[in-house]
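Heads up, the sequence shown stops at 248 in full-length UniProt numbering, and the numbers go up one at a time, no gaps. Where is the CB? At the ideal position from N, CA and C, for every residue including glycine. This structure is a prediction, so every number in the text was calculated from the model and none was measured.
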Amino acid sequence: MNRFFDWQLVINYFPRLLEALPTTLLIVGVASLIGLLLGALLAFFRIEKVPIFHQLSAVFVSFIRGTPILVQLYVVYYGVPELLQVVGVDVSNLDKLIFIYITYGLNTAAFQSETIRAAILSVPQTQYEASTACGLTRTQTYLKVILPQAVRVAIPSFGTTTIALLQDTSLAFTIGVLDVVGTAKSIGSVTFHTLEGYIGAAVLFILLSILLERIFALLEDQLNYGNQNFKLRVPQLFLLLKRKKFVS
């Protein structure tokens, strides 16, 4: 058994996997930021039914959600440079991580946009009417009344999407990025002990998933209406509307 698998090698390889961990976390962080900002914009286009952008957003979301992320990665990494080459733009020297950020950012944006859209639409229409009655503009209504409630609804889905994004980073090695899985694969290629490296990577992903799960659970708890500290975290205008019975 030890000839094919050695627990000591799992321990020995673990520090090298930890060295690659920042790359994996950076992919998750950058893609989450892109996904949140772009996803909010896409959700706004669809909720407000902005001409042209509304239809384009729907097509984009359908395409991203209907294709594997590995296909999207290959399209961005191999296809986009070829298209840009036609118009005289050479991006062949760009860092591979840039293509990873773009791919995972766009993928996350499609899923986050649906989460944000559903969370905003879950807020009762009466609260829009109450905000208008109080003299709030459309922007003020979104920022001070609707979004604080929508965030609370969206947090669990945000957590699920982020954890799924963490797992999806394991495909970054397919274009030569040395993240955690890429490092495990390179170790196996050199030492011919592939399983030990992947076991170490699995342990890291499990620990990170549990940590993210706990972080989002704490956020959800802090934003719960039943939490006595919640009132310190929501806009005062929302509390005013609540006292006037405009909101539930």
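Within 8 Å, strictly: CB atoms of residue i and residue j
i, j, result
"Thr-169", "Val-28", "yes"
"Ala-130", "Ala-150", "no"
"Ile-69", "Leu-171", "yes"
"residue 259", "Thr-115", "Examination of residue 259 is not possible in this model, given that the chain is present from 1 through 248 alone."
"Ala-20", "Val-61", "no"
"Val-177", "Ala-201", "no"
"Leu-212", "Gly-159", "yes"
"Ser-153", "Ser-122", "Strictly speaking, residue 153 in this sequence is Val, with Ser absent from that position. Closer than 8 Å, so yes."
"Ile-175", "Tyr-104", "no"
Residue i classed as buried or exposed, judged by whether at least 16 other C-beta atoms fall within 10 angstroms
i, result
"Asp-179", "buried"
"Leu-106", "buried"
"Glu-48", "exposed"
"Ile-215", "exposed"
"Thr-126", "exposed"
"Leu-241", "Confidence at Leu-241 is low in this model, with a pLDDT of 49, below 50, so the placement of that residue should be treated as unreliable; the coordinate-derived value is given next. Counting Cβ neighbours within 10 Å, Leu-241 comes out buried, since at least 16 surround it."
"Leu-18", "exposed"
Nearest candidate by alpha-carbon position, reference residue i, set the options
i, options, result
"Lys-96", "Lys-49, Phe-173, Leu-25, Asp-221", "Phe-173"
"Ala-58", "Phe-216, Gln-85, Arg-117", "Arg-117"
"residue 249", "Glu-48, Thr-24, Glu-19, Val-153", "With the chain covering only 1 through 248, there is no way to say anything about residue 249."
"Phe-45", "Gln-8, Ser-113, Leu-36", "Ser-113"
"Ser-157", "Pro-81, Ser-32, Leu-26", "Ser-32"
Interface flag, residue i vs chain C, CB-CB below 8 Å
i, result
"Arg-138", "The chain labelled as chain C is not found in the depicted structure, where only one protein chain is given."
Item to check | Any alpha helix (DSSP H) of 4 or more consecutive residues that is wholly inside the segment 13-73 | outcome: 53-66
Checklist entry - In the segment 114-156, which residue ranges form an unbroken alpha helix (DSSP H) of at least 4 residues, counting only runs that do not cross its ends? => result 125-133, 138-141
Checklist entry - Counting pairs of Cβ atoms below 8 Å between the segment 2-18 and the segment 199-213, do you hit three or more? => result yes
Next on the checklist: Please give me, in chain order, every unbroken run of the alpha helix (DSSP H) with length at least 4 that falls completely inside the segment 153-194.
Outcome noted: 180-191
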